[in-house]
Each structure stands twice: as structure tokens, then as C-alpha cells.
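Structure first, then comments.
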Amino acid sequence: MGGIRYSKREDAAALSVYVRALSEAHTNRAELGRLKQNLLRALEEDVTARQREMLMLYYVRELNMRQVARQLGVCPSTVSRTLHRGEANLRRCLRYGAERYLRSLNDGKERA
């Protein structure tokens, strides 16, 4: 039986929509740099070291949950739960940051 696999496509799609909205609104490098800084800050501050390690192995190195579990010496269910919690923390942080950023853009348009 295959293990639980979270949809990388859905998470990647949500992040790409966020990045595209930012890049369409402001195409300069400073804004994109700020976005990258916010994502890195979210990875450093809003997820635990263990969540960050598993997220990097799963999304960056593209290992499946069994491979991550084997590499870290834990059960696949532990990897699944940890990834789910880390993704939820990042989603919450990025959603709040995106809403605030997009609201500030709309406020600027209304004043102009």
C-alpha cells in the first residue's frame, strides 16, 4: 500500500499564484527579494527545525515519505504528521502575509 502523499502541485500552485500576484503588481527586484526574505523568514521562524528538515528533504530533494523516514530513522507516519504540521504553519504565515500585502496594494490604488 502506498503511503499518504500530500499534493506538491496544490502547494506549488498556491505559492505560484502568490508569487505571480506579487510580480505582476510590482515587477522590480526589491519586491521579489522581499518575498524571498519573507519565505526564508517563515521557514526559519514559523516551523521547527525538524519540520524544516523534513520539508527540505521532501520538497527540495524530492524524496518520498518512506525515503525521508528511512534517512531520518523515523516511521513514515511521523514524516506525514510532521510535514502536515509544517505545511500548515507555512500556509498560515504566508496567507496572513499575503492578505496583508495585497490589502496594502489595494489601499494604495484607492488613494491614487
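For the sequence shown, counting from 1, position 10 maps to 10 in this note's numbering; every step adds exactly one. Even glycine gets a Cβ: it sits at the ideal position worked out from N, Cα and C.
- Query: Whose C-beta lies closer than 7 angstroms to the C-beta of V68 among residues of the same chain, with five residues either side of it excluded?
  - Reply: M54, L57, Y58, V79
- Query: Near V47, which residues of its chain fall below 6 angstroms by C-beta distance, leaving aside the five closest residues on each side in sequence?
  - Reply: Taken in chain order, the residues that qualify are G86, N89.
- Message: Rounded to the nearest angstrom, what separates Y96 and R66 at their Cα positions?
- Response: 32 angstroms
- Under a three-way DSSP split, which group does R61 fall into? R61 falls in the coil class under three-state DSSP.
- Task: Pick helix, strand or coil for V79, following the three-state DSSP scheme.
- Result: Residue state, collapsed to three classes: helix.
- Message: According to DSSP, is G73 part of a helix, a strand, or is it coil?
- Response: coil
- Query: What three-state label does DSSP hand V47 in the structure shown?
  - Reply: coil
- Query: Are the beta-carbon atoms of C93 and A49 separated by less than 7 angstroms?
  - Reply: no
- Proximal residues to L83 (C-beta, below 7 angstroms), its chain only, five neighbours per side dropped: Y6, M54, L55, Y58
- How long is the line joining the alpha carbons of E45 and G73, rounded to whole angstroms? 25 angstroms
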